[in-house]
Amino acid sequence: MPIFSLPSPYGIGTLGAEARKFADFLATGGQSCWQLLPVGPTSYGDSPYQSYSSFAGNPYFIDLDLLAEEGLLEPGEYRNLDWGADPARVDYGLMYKTRYPVLSRACDRLLARDIPEFAAFCQEQQDWLEDYALFMALKSRHDGAAWFQWPRELRLRQPAALEAARQELAGDVAFWKAVQYLFFSQWRALKQYANRLGLSIIGDLPIYVALDSADVWANRDQFQLDGDGLPTEVAGCPPDGFSADGQLWGNPLFDWERMKEEGYAWWLRRIAFQFQLYDTLRIDHFRGFDQYFAVPYGDSNAQRGRWKSGPGIDFFKAVNRALGKKDIIAEDLGFLTPSVRKLLKDSGYPGMKVLEMAFDSRDADSVYHLPYRYPIHCVVYTGTHDNDTVQGWMASALKEDRAYAKAYLRLSSREGYHWGMMRTAWSSPAELAVMQFQDLLGLGSEARINTPSTLGNNWQWRALPGVFDEKLARRLYRETRVYQRLPQAKMSKK
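Under numbering that gives the first Met the number 0, the sequence shown has 44 at position 45, and the numbering climbs by one with no breaks.
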């Protein structure tokens with residue numbers, strides 16, 4: 000359940016009361032985990048996988064009612080504004096136009112106070128916060144232009160130019176720091192609330208970062224860039240049965256040789272920070288650590304891309320040495336070569352199984368997603384944010400694929416295909432089973448989160464108020480108990 004998909008009267012889900020209601024719903028339903036999409040600030044296209052920072056939090060997720068409780072806002076300053084006509088969709092354009100003036104008022108009041116916690120936060124997070132706040136202030140000063148379109152002295156971070164910008168934009172820099180303080184204050188309170196209920200939070204770390212990000216601007220030497228800061232090649236996926244052109248993601252590629260020489264220091268800081276936010280971390284596009292697909296910069300599709308070698312198990316050994324054994328899930332979807340399978344085994348991380356993929360005849364690896372093939376050490380999903388909902392998939396899949404799914408899973412339209420597929424996941428040997436909340440509600444394609452390789456109409460779905468109800472929680476609890484997936488403390492009381 001992404002944060003943005005939570006109900007809210009203010010246009011987008013937040014870290015406030017509805018997030019706590021959802022945590023309560025999960026606890027009542029006998030659940031042990033809540034998995035999220037990345038929570039960073041989104042850029043053009045609104046994707047949480049294209050963020051302005053690997054470290055910063057999304058300003059849209061700051062709950063305005065909580066700010067009012069702290070005396071940082073007056074209710075009349077935000078409750079009567081236009082937050083969008085459709086409570087089931089996020090209007091990101093409206094968010095951008097409406098949310099920041101409100102946050103500006105709150106931050107002005109915050110900065111006018113002498114708050115030791117704010118000063119401590121800025122000190123503790125200075126490794127990333129200083130660059131991020133200046134990056135956002137400069138982006139605003141240049142009308143949203145990407146950093147590689149700024150004047151050369153700023154683009155290449157000449158010290159005198161950076162210092163002059165810090166002085167000139169001191170107020171804007173302070174604003175962006177204050178926004179992050181508000182986000183992380185609310186985030187930590189929500190996580191503590193969820194943990195007290197016995198819920199662990201599963202975060203999601205994109206393997207790549209956005210080209211137009213503070214990560215790349217402040218760490219150009221970690222990426223495959225030319226002298227002007229532009230990529231030589233970018234990330235993507237090759238053509239397959241789903242896309243004749245492949246997928247052109249456009250992210251800059253890492254300079255793995257340099258990173259290895261430096262002991263993967265940048266990556267280790269990134270992962271360590273994520274474990275300050277989450278209890279478990281799903282690492283996106285795991286196969287990219289074995290081999291990554293490189294597409295010439297400027298190409299309009301991924302057809303001319305080629306595979307190159309990634310860091311392999313050496314990277315994960317470095318993670319274990321520096322951070323200890325962490326609770327990580329490997330997103331090992333896509334075409335998996337023997338070397339990727341070996342990397343997964345050597346890492347010791349659980350991989351992912353997706354039931355919808357088990358019945359997709361276009362997928363060469365579909366057989367590995369059939370439940371009888373699951374190892375215990377894996378995580379099963381009915382679908383992910385990149386898949387349709389169960390009901391949507393059943394309505395749009397090839398006729399023969401639907402027939403196979405119905406026969407294999409013994410699905411019944413009377414009960415609802417979604418319950419049958421979820422029950423198969425719960426009854427599988429996988430040590431963890433994760434459902435999309437849309438599937439608990441039995442929603443169709445209108446509730447799909449993302450359609451890969453498309454722009455627009457993605458990352459917008461929102462749950463309506465009142466859906467975290469007692470009846471659904473009780474049914475979820477019964478199903479969880481039947482398949483002995485209740486947390487141990489609740490199993491002992493069954």
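Just so it is clear, CB atoms sit at the ideal spot from N, CA and C, and this is done for glycine as well.
Note that the structure is predicted; figures quoted are calculated from it, not measured.
Under 7 Å between C-beta atoms of residue i and residue j
i      : j      : result
Leu342 : Asp289 : yes
Asp107 : Ala217 : no
Gly419 : Leu410 : yes
Gly309 : Gly333 : no
Tyr348 : Ala317 : no
Leu280 : Ile327 : yes
Asn300 : Leu252 : no
Leu110 : Thr97  : no
Leu71  : Ala105 : yes
Lys307 : Tyr296 : no
Cys377 : Lys344 : no
Asp283 : Ile200 : no
Thr423 : Gly29  : no
Ser212 : Tyr51  : yes
Ala67  : Pro74  : yes
Gly39  : Ala55  : yes
Leu561 : Val178 : Here the chain comprises residues numbered 0 to 493, so residue 561 is not present and cannot be evaluated.
Ser53  : Val233 : no
Gly391 : Ser338 : no
Trp425 : Arg484 : yes
Ala160 : Glu152 : yes
Leu2   : Val89  : It is worth fixing the name first, because residue 2 is Ile in this sequence and not Leu. Not closer than 7 Å, so no.
Asn449 : His384 : yes
Cβ separation of residue i and residue j, assumed to be a contact under 8 Å, to the nearest whole Å
i      : j      : result
Leu5   : Ile61  : Actually they do not touch by this definition, with Cβ atoms about 13 Å apart.
Thr381 : Leu354 : 5 Å
Ala22  : Leu196 : 6 Å
Val294 : Gly235 : 5 Å
His9   : Leu63  : The residue asked about is misnamed: residue 9 is Tyr in this sequence, not His. At roughly 6 Å, the Cβ-Cβ gap stays under 8 Å, so Tyr9 and Leu63 are in contact.
Ala136 : Trp82  : Not really, about 26 Å apart at Cβ, beyond 8 Å.
Tyr416 : Val433 : Between Val433 and Tyr416 the Cβ distance is about 18 Å, and since that is not below 8 Å, they are no contact.
Local conformation of residue i per DSSP, three classes
i      : result
Lys316 : helix
Met351 : strand
Phe274 : helix
Val494 : There is no way to answer for residue 494, as the model of the chain reaches only from 0 to 493.
Trp82  : coil
Trp392 : helix
Pro486 : coil
Ile2   : helix
Tyr296 : coil
Phe117 : helix
Phe222 : strand
Ser50  : strand
Val378 : strand
Val481 : helix
Gln122 : helix
Gln34  : strand
Gln148 : helix
Gln302 : coil
Gln435 : coil
Ser491 : Low confidence applies to Ser491: its pLDDT is 49, below 50, so where it sits in the model is not reliable enough to give any reading.
Gln157 : coil
Gly170 : helix
Ala217 : helix
Per DSSP, cross-strand counterpart(s) of residue i
i      : result
Asp203 : Arg281
Leu14  : Paired residue(s): none; Leu14 is not in a bridge.
Pro251 : Val233
Ile513 : This structure leaves residue 513 out entirely; the chain is present only between 0 and 493.
Lys341 : DSSP lists no partner for Lys341.
Thr41  : Ser50
Lys307 : Tyr291
Arg88  : Trp460
Gln246 : Cys236
Per-residue burial, residue i [other beta carbons within 10 Å of its own, 16 or more giving buried]
i      : result
Lys138 : buried
Thr41  : buried
Lys493 : Confidence is the limiting factor: at Lys493 the pLDDT is only 48, short of 50, which leaves the residue's position unreliable, though a coordinate-based value still follows. Classification of Lys493: exposed, given that the 10 Å Cβ count is below 16.
Trp458 : buried
Lys470 : exposed
Leu439 : buried
Lys190 : buried
Leu397 : exposed
Thr231 : exposed
Ala264 : exposed
Ala193 : buried
Asp203 : buried
Tyr371 : exposed
Ile375 : exposed
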